[in-house]
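Using mature numbering (1 follows the signal peptide of the UniProt record, and there is no 0), the letters of the sequence shown map in sequence onto residues -25 to -1, 1 to 205.
Virtual Cβ for every residue (Gly too), placed ideally from N, Cα, C.
Note that this is a predicted model, so its numbers are computed, not measured.
The structure appears below as structure tokens.
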Amino acid sequence: MRMESKFSFLINLLVLQYLAVVCVSQDFDFFYFVQQWPGSYCDSAKSSCCYPTTGKPAADFGIHGLWPNYNDGSYPQNCDSGNPFDEPKISDLIGNMRKNWPTLACPSGSGETFWSHEWEKHGTCSESVLDQHGYFETTLGLKQQTKLLQALKTAGINPDGSTYSLENIKDAIKEGTGYTPWIECNRDSSGNSQLYQVYLCLDNSGSGLIECPVFPRGGKCGPEIEFPSF
């Protein structure tokens, strides 16, 4: 009897520990939805660029990820090692992902390594509201909703290597999306600041864009930045 009680106690303890981990992993305040300009990724002194095995992506913003965050600027990561990326779960989305969520990392790949990283580091921390299919489907939908390149071109801001006002870029994106973006810059091989990534925010239910509670640190831009071609 004592052995049975001890065994029961251990089982209950393990269950409580598991639930505690799950609760912590699913506790976050909002998402960053991050899109990346491929011309800036490839024209950076700090990163090498390889086109996907499926060919050169379109000259459009590509998805980087959908990242759960806390209002204090920190974020959870790698929340559930027991739920790895499983491509068959998103088989109906693969064509869309290759087009809108391409990898530019070297060596060339088809995207699975990139998507796996995004799901396992960030997506597993949002399982309380988005399962694996929902995570990728929601992110793809956000790209179609925001149409960053269209918003910029409407304002006369084109990816032709010209220099534009950072404030004009922000205003154009806010006009197009309805929300204030945060712009991350990187530097080209000549040291010039260039438009690299655009952050918008999503509520923690995954249901709609919101004004960002806090903006990221680092990657700050000067008042004038380049918008390189791709």
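1) Are the beta-carbon atoms of Q169 and P203 separated by less than 7 Å?
2) To the nearest angstrom, how far is it from the Cα of G166 to the Cα of C54?
3) Could you check whether the region 8 to 16 touches the region 37 to 53, counting it as contact only if at least three pairs of C-beta atoms, one from each stretch, sit closer than 8 Å?
4) So what's V(-2) in DSSP terms, helix, strand or just coil?
5) Is the beta carbon of N58 sitting closer than 7 Å to the one on T99?
6) Note the first and the last residue of the continuous beta strand (DSSP E) segment covering S22.
7) Look at the alpha carbon of residue 227 and the alpha carbon of I185, and state the distance between them as a whole number of angstroms.
8) Is the distance from the Cβ of C24 to the Cβ of L79 below 7 Å?
9) Taking 7 Å as the cut-off, decide whether the C-beta atoms of N71 and V189 are in contact.
The answer reads as follows:
1) Yes; because the gap between Cβ atoms is below 7 Å, this pair is in contact.
2) 37 Å
3) yes
4) With a pLDDT of only 41 at V(-2), under the threshold of 50, the placement of this residue in the model should not be trusted; the figure read from the coordinates follows. In the three-state reduction of the DSSP assignment, V(-2) falls in the helix class.
5) yes
6) Looking at the DSSP string, S22 is not in any beta strand (DSSP E), and its letter there is neither H nor E.
7) No information on residue 227 is available, as it lies outside the stretch -25 to 205 that the chain covers here.
8) yes
9) no
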